[in-house]
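Trainee:
Residue numbers (our numbering), protein chains in the order written: chain A, 2 to 692; chain Y, 2 to 692.
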């Protein structure tokens, strides 16, 4: 099979020359094809939506295919890129007892791809299997040789076949028929690798069955890959005044922090809502119901007399200032992600201009958000059913407005509290105009709605990562996201958020912060950090799972440079993780993850691998991550690595380099590790490619 | 909710009065509905075929459904019977964290059913949840009471609502608005069960979402339920002659055995092929290549000068004799299942009349069946691709021919060695003419083709049951067949076949025979026994997994009555098992199986349960099976039974009767059992219904 690609639209493990395929005979009004396929991937379980991938992602095309009896089959997948370029790829049997076949292909064009599987009787493989056994056993050798000769001649007669292949095949046929050639010598021809290659690239196929066409939405790389950093612009450059109040940071002062964020290697800067904040029922520090003058309120309580979702908070500056901020980010190599929180403070302009967008109660009041018997009196939830067309038009107007200001990514607040139908419509409409716009769902909800949002269009989703902290939880979680749900859901592994400071971080000390960052940065394709993580901010409001004196309700003044100078910052560690991500394409892939075995119940190990043929560098990339997830201990154990993942037979030595410390070791199948959480809780090992 | 059914086409756990449902607003060109559903069952994984069930089967209709936020939803399934009768059933939440809802319904009409799910905002449930919490907490009590009053009035104004319900609702509304009624009293109205019942049966629904229609093929009961008995008619009444040769049994002598088979309680008598047997390359005893005069050959080597698949073997009698046999079976309450083995002996009439139905090799010979380098020279496999239309017409002619003789069931030999497409076409064509014809697939193959055959139309399938012998294997197997694959595959749990005598039976002694029969008869819907099982025939041909001196190649003379008289027969045990099956509808259901926990690694326990509303008797049926699957031991252990399966809270006593021994015990959650394999390895306990 071809090991290098022949097309510019894909990288492939097994691309072969394109050829036409027509089903051998009409499908006789049955749902089963002559050589049937059953389940396939990529696919979305309910079949309602198309699966998705991103440019540069190694996508396994897998199908269950079989035929009756013992004759051999072959399977191709025919891919058509958005540009119309069609390529053909040969699937390999997984030999797992479930009749599954697979080939991994990297799409290099953005847009809607079409793919269909083709199955066929592999006459060469069937003959070769029988010929090897029967000639060796002296059963029907003349007949088997003649059948082979006829097959070789049939192959040689194909017009599209290159002349050198024709010569090999013709010579093979002649020798098989030559009575002077012994059966033992004939067996050499039966097993000839050049002949096998000729038949693999251009199979002599019969009973060709062309299956139904499917689509795959290929989005831009940032839909699946990125390192995110969240900060509140009002905190960046905020100053405490002599009277004890704080002067808000602005887009201009916040922009001064961008080079440092970019220097840490992040790709996306995500801003909580930048709009005017409601004055009515504004929340005070630590989510209290009373405010003092100078309390800035929660950015998620959107809207005041100063404007609504299409307006910037006057304290932050002007719309022009925001555009300048976006340009500064872009200059630093950062994309800006804006928060899209569809709810209103009681003084949001919508409340007077469009009361029908909210729920009016029998007493004439507008319904607050509530979780009975609790009420959240700083927020009116939008009622999407009174005037759905009006709300759709307004939200589309707002999204287009921010896209016009240079925003390319929206982080959507609580999408699971709004109709799924609405999101499907919005994202499809926006992406039809701007296929590059990415929506991240803050879908902290049950699996069914979380997955439905991903299927309906969200490019990314927050996930359960923050609550998966033990080795067993992490293994199950990483296996699920990298395989089960990878055709439709791309989790963004945020390590913390303004809403989430888990007990693991509260009580795990600095080792916990390292472990979680290293896992987030290497296990999935996207991850995120909320500012303050690098300062190990780990004090929670008592009884809650979020930071005390939460930035949601206050300005946060932090001394980034001072902390880094004192060695009290995780910034250098994050910088190194992001360097590793940039240098190693395998790390950036959500797929290509395999859990490895270690005896210790706190030592988690996994391999991320990208074969040379699928790698943008043309070189295979293999990373072994070994993490001690117990942040209070030093652990010694043996880690068992399956080197066959990257094509090295088990039992062979290989060289690894710890990308965090620079240490070099010679590893093999069973490897001693000692991970002291207080020194370095994680190994990120790069396997040296031996040529 | 209704506990008794209002329709004759179904039995249901929650049928409610029929009402029209129209989606509240047009689906705005999104794939998601306003209140979305994702996966549902019954369904077939790839979506290519319709799921199936049988008349009398309790079918769970399950769907994943949710809405945004915290408001409550309701889910209905609307079923339309083949006759056009439509019924509505309310699903209950499974509360499993996966947003699944379910209701079980028993279809009572054969044919293609249609079903669709409907989701809606359950305004009563949403209000009731908020009202209970808020009124109790003193938050907005006046408002909550007014909202309730408006809701009750809305419900009372519905034309179709019965007058008594209207009164209750109107009185409730009045009381909620009555300032003289305290909030504490108002809470009684909020929780009033009559009002809850009124809203459950006729919900006040908003945002009604009507989902896509699906179909469910409901077949006759025998498609899913039956006790099968296999015998070779040539052995029944065969006589050893003074010269040592055997005179073949005939349809007439075999018919004399039918009353005994019926007396054991079997439903189906399955005959290996009854056609002329090839003379060319006929196999001798124990699958040897040499025959002596008088060796009858394998019935699966079909065809000779005497005829092919449409002919009866002259030794067995005439076609008229066969019809008489079928009538005798019918009179005894037995259906006849005929073998359909699409292959030919070298002297089959097809070979000369239609050589194109076989594979001709370059040397002009016809290809034998083979598994290289082995050849099976008594068999030519059919080549389905040279003349597919011709073969289809011929097989259809043959099947129709036997249906005309009274055959209603075909046991299909090795269907996985013939094209899936062919079977789909054949079964669909035959069932279009005769929906009652049942096809059993002898699909001893890998899971993918086995399941594909079931999905493409086979009503039943042989299964891996014979090779699942440990407790762990059996639990996994029973859970898979009763749930995962139950929407499309109905396994027939044969305990043995002429091809399969497992080591478990070879070396397990009589206890093994009891255990396997008891499990087969109670765990699934259909099971089967090949004659000789009741005589504990357990000697295998050395190195093989089948009986020595196999009946496939010989006549088998057995002394049924003598063995029974001597107490050396399992017939009484089989008779009792079949009596239990007839008396207990829960036992006959493939679904409704739940594994129970026991500490002993050889003591398997499960419950089969059918609620009263779904039972043909109108009485709940609950069976607990406890089996010691180690046939060489006596085991003592504790079995833990979840009585909530049949609605009894845990910790309560209940009475059970062992249907095998007549013993009575009082059981509870944790029960001591002692099962001595050499006495009775299995309990089949009937839970006494207390009214």
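Beta carbons are placed, not taken as given, at the ideal position from N, Cα and C, and that holds for glycine.
Of all Cβ atoms in chain Y, is any one closer than 8 Å to the Cβ of residue 23 of chain A?
Mentor: What you label residue 23 of chain A is simply residue 22 of the first chain in a count that begins at 1. Not closer than 8 Å to any Cβ of chain Y, the Cβ of residue 23 of chain A fails to qualify, so no.
Trainee: For residue 40 of chain Y, go through chain A and note every residue whose CB falls closer than 8 Å to its CB, in chain order.
Mentor: For this step, residue 40 of chain Y is matched to residue 39 along the second chain. Within 8 Å Cβ-Cβ: 46, 47.
Trainee: Based on Cα-Cα distance, which residue from Y/132, Y/219, Y/145, Y/387 lies nearest to residue 207 of chain A?
Mentor: As a first step, residue 207 of chain A is located in the first chain; it is residue number 206 there, counting from the start. Checking every option, the nearest Cα to that of residue 207 of chain A belongs to Y/387.
Trainee: Check whether the Cβ of residue 124 of chain Y lies closer than 8 Å to any Cβ atom in chain A.
Mentor: Numbered from 1 along the second chain, position 123 holds the residue referred to as residue 124 of chain Y. So, not an interface residue.
Trainee: From which residue to which residue does the alpha helix (DSSP H) around residue 393 of chain A run?
Mentor: Position 392 of the first chain, counting from 1, holds the residue named residue 393 of chain A. Taken as a continuous stretch (DSSP letters only), the alpha helix (DSSP H) holding residue 393 of chain A covers 389-405.
Trainee: Apply the 10 Å Cβ neighbour rule to residue 242 of chain A and answer buried if 16 or more other Cβ atoms are within range, or exposed otherwise.
Mentor: One-based indexing of the first chain puts residue 242 of chain A at position 241. The residue in question, residue 242 of chain A, is exposed, as its Cβ has fewer than 16 Cβ neighbours within 10 Å.
Trainee: If you run the structure through DSSP and keep just helix, strand and coil, what is residue 432 of chain Y?
Mentor: The residue you call residue 432 of chain Y lines up with position 431 of the second chain. Of the three classes helix, strand and coil, the one that applies to residue 432 of chain Y here is helix, per DSSP.
Trainee: In terms of alpha-carbon separation, which member of Y/520, Y/197, Y/545 lies closest to residue 627 of chain Y?
Mentor: Within the second chain, numbered from 1, the residue matching residue 627 of chain Y stands at position 626. Closest by alpha carbon: Y/520.
Trainee: Out of A/73, A/370, A/417, A/431, which one is the CA nearest neighbour of residue 448 of chain A?
Mentor: The residue you call residue 448 of chain A lines up with position 447 of the first chain. Nearest of A/73, A/370, A/417, A/431 to residue 448 of chain A, Cα basis: A/417.
Trainee: Using three-state DSSP, classify residue 368 of chain Y as helix, strand or coil.
Mentor: To locate residue 368 of chain Y, count along the second chain from 1; it is residue 367. Reduced to three states, the DSSP call for residue 368 of chain Y is coil.
Trainee: Starting from the C-beta of residue 253 of chain Y, find all residues in its chain whose C-beta is less than 8 Å away, skip the five residues before and the five after it, and write them out in chain order.
Mentor: What you label residue 253 of chain Y is simply residue 252 of the second chain in a count that begins at 1. Correct list, in chain order: 238, 318, 322, 325, 326.
Trainee: For a test of the three-state rule: what should DSSP assign to residue 443 of chain Y, helix, strand or coil?
Mentor: As a working note, residue 443 of chain Y is residue 442 in the second chain. It is coil, neither helix nor strand.
Trainee: Could you work out which residues of chain Y lie near residue 551 of chain A, taking near to mean beta carbons separated by less than 7 Å?
Mentor: Locating residue 551 of chain A in the first chain gives position 550, where the first residue counts as 1. By Cβ distance, chain Y contributes nothing, its closest Cβ being about 23 Å from residue 551 of chain A, past 7 Å.
Trainee: Counting only runs that start and end within the region 149-206 of chain Y, where is the alpha helix (DSSP H) found for 4 or more residues in a row?
Mentor: For the region 149-206 of chain Y, whole alpha helix (DSSP H) runs of length 4 or above, ordered along the chain, are 164-178, 184-191, 194-202.
Trainee: Count the C-beta pairs between the region 574-591 of chain Y and the region 458-466 of chain Y that are closer than 8 Å, then say yes if the count reaches three, no if not.
Mentor: Touching, no, given that fewer than three Cβ pairs across the two stretches are closer than 8 Å.
Trainee: So the candidates are A/554, A/188, A/430; which of them puts its Cα closest to the Cα of residue 290 of chain A?
Mentor: On the first chain, residue 290 of chain A is found 289 positions in, with the first residue counted as 1. For residue 290 of chain A, the nearest C-alpha among the options comes from A/554.
Trainee: Which class does residue 301 of chain A belong to by DSSP, given the choice of helix, strand or coil?
Mentor: To locate residue 301 of chain A, count along the first chain from 1; it is residue 300. Residue 301 of chain A falls in the coil class under three-state DSSP.
Trainee: What residues from chain Y crowd round residue 208 of chain A, counting only those whose CB sits closer than 8 Å?
Mentor: Mapped onto the first chain, residue 208 of chain A falls at position 207. Within 8 Å Cβ-Cβ: 386.
Trainee: Can you pull the chain Y residues whose beta carbon is under 8 Å from the beta carbon of residue 212 of chain A, in chain order?
Mentor: Here residue 212 of chain A is taken as the residue at index 211 of the first chain, counted from 1. Those do not exist, as residue 212 of chain A stays about 11 Å from chain Y at its closest Cβ, beyond 8 Å.
Trainee: Which one of Y/636, Y/353, Y/608 has the shortest CA to CA distance from residue 685 of chain Y?
Mentor: Counting from one through the second chain, the residue named residue 685 of chain Y turns up at place 684. Residue Y/608 is the option with its Cα nearest to residue 685 of chain Y.
Trainee: Can you pull the chain A neighbours of residue 279 of chain Y, defined as C-beta to C-beta under 7 Å?
Mentor: The residue labelled residue 279 of chain Y in the question sits at position 278 within the second chain. Ordered by position in chain A, no residue passes the 7 Å Cβ test against residue 279 of chain Y, which lies about 20 Å from the chain.
Trainee: Whose C-beta lies closer than 6 Å to the C-beta of residue 672 of chain A among residues of the same chain, with five residues either side of it excluded?
Mentor: One-based indexing of the first chain puts residue 672 of chain A at position 671. So the qualifying residues of the chain are 640.
Trainee: Using a Cβ-Cβ cutoff of less than 7 Å, which residues in the same chain neighbour residue 443 of chain Y once the five nearest sequence positions on both sides are dropped?
Mentor: Here the question's residue 443 of chain Y lines up with position 442 in the second chain. Excluding positions up to five away in sequence, the list reads 412, 413, 414, 415, 416, 463.
Trainee: Is it right to say residue 315 of chain A is buried, meaning 16 or more other beta carbons lie within 10 angstroms of its own, or is it exposed?
Mentor: The residue labelled residue 315 of chain A in the question sits at position 314 within the first chain. Looking at its Cβ environment, which holds fewer than 16 other Cβ atoms inside 10 Å, residue 315 of chain A is exposed.
Trainee: Between residue 278 of chain A and residue 303 of chain A, what straight-line distance do the alpha-carbon atoms span, to the nearest angstrom?
Mentor: As a working mapping, residue 278 of chain A is identified with position 277 in the first chain. As a working mapping, residue 303 of chain A is identified with position 302 in the first chain. So the alpha carbons of these two residues sit roughly 5 Å apart.
Trainee: Go ahead and label residue 598 of chain Y buried or exposed: buried means 16 or more other beta carbons lie within 10 angstroms of its beta carbon, across all protein chains shown.
Mentor: What you label residue 598 of chain Y is simply residue 597 of the second chain in a count that begins at 1. Looking at its Cβ environment, which holds fewer than 16 other Cβ atoms inside 10 Å, residue 598 of chain Y is exposed.
Trainee: Verify the CB distance criterion: does residue 6 of chain Y have a CB-CB separation below 8 Å to chain A?
Mentor: Taking the first residue of the second chain as 1, we reach residue 6 of chain Y at position 5. Note that residue 6 of chain Y scores a pLDDT of 49, beneath 50, so its modelled location is shaky; the value from the coordinates is reported in the next line. Taking Cβ atoms only, chain A never reaches closer than 8 Å to residue 6 of chain Y, which makes this a no.
Trainee: Please classify residue 34 of chain Y: is it buried, with 16 or more other beta-carbons within 10 angstroms of its beta-carbon, or exposed?
Mentor: Against the second chain, residue 34 of chain Y aligns to sequence position 33. Buried.
Trainee: According to the neighbour-count rule (16 or more other Cβ atoms, all chains shown, within 10 Å of its Cβ), is residue 477 of chain Y buried or exposed?
Mentor: As a first step, residue 477 of chain Y must be located in the second chain, where it is residue number 476. It is exposed - the Cβ of residue 477 of chain Y has fewer than 16 other Cβ atoms within 10 Å.
Trainee: Would you list, in chain order, the members of the region 136-157 of chain Y that have their beta-carbon closer than 7 Å to a beta-carbon of chain A?
Mentor: Against chain A - using a Cβ distance shorter than 7 Å - the residues of the region 136-157 of chain Y are 138, 140, 144, 147, 148, 151.
Trainee: How is the beta strand (DSSP E) around residue 493 of chain Y delimited, first residue to last?
Mentor: As a position in the second chain, residue 493 of chain Y is number 492, starting the count at 1. It spans 493-495 - the beta strand (DSSP E) in which residue 493 of chain Y sits, taken as one unbroken run.
Trainee: Compute the Euclidean distance between the alpha carbons of residue 600 of chain A and residue 676 of chain A, then round it to the nearest angstrom.
Mentor: Along the first chain, read from residue 1 onward, the residue named residue 600 of chain A stands at position 599. Along the first chain, read from residue 1 onward, the residue named residue 676 of chain A stands at position 675. Answer to the nearest angstrom: the Cα atoms are 13 Å apart.
Trainee: Taking any Cβ of chain Y, which residues in the region 403-424 of chain A have a Cβ under 7 Å from it, in chain order?
Mentor: Those residues of the region 403-424 of chain A that come within reach of chain Y (Cβ to Cβ, closer than 7 Å) are 417, 418, 419, 420, 421, 422.
Trainee: Using a Cβ-Cβ distance cut-off of 8 Å, determine whether residue 426 of chain Y contacts chain A.
Mentor: Residue 426 of chain Y sits at position 425 when you count from the first residue of the second chain. Cβ-Cβ to chain A under 8 Å: yes for residue 426 of chain Y.
Trainee: Would you mind listing the alpha helix (DSSP H) stretches within the region 245-322 of chain A that are 4+ residues and don't spill past its ends, in chain order?
Mentor: DSSP runs (the alpha helix (DSSP H)) wholly in the region 245-322 of chain A: 252-256, 259-264.
Trainee: For chain A, find out if any of its Cβ atoms is closer than 8 Å to the Cβ of residue 70 of chain Y; answer yes or no.
Mentor: Here residue 70 of chain Y is taken as the residue at index 69 of the second chain, counted from 1. It does: the Cβ of residue 70 of chain Y has a partner Cβ on chain A nearer than 8 Å.
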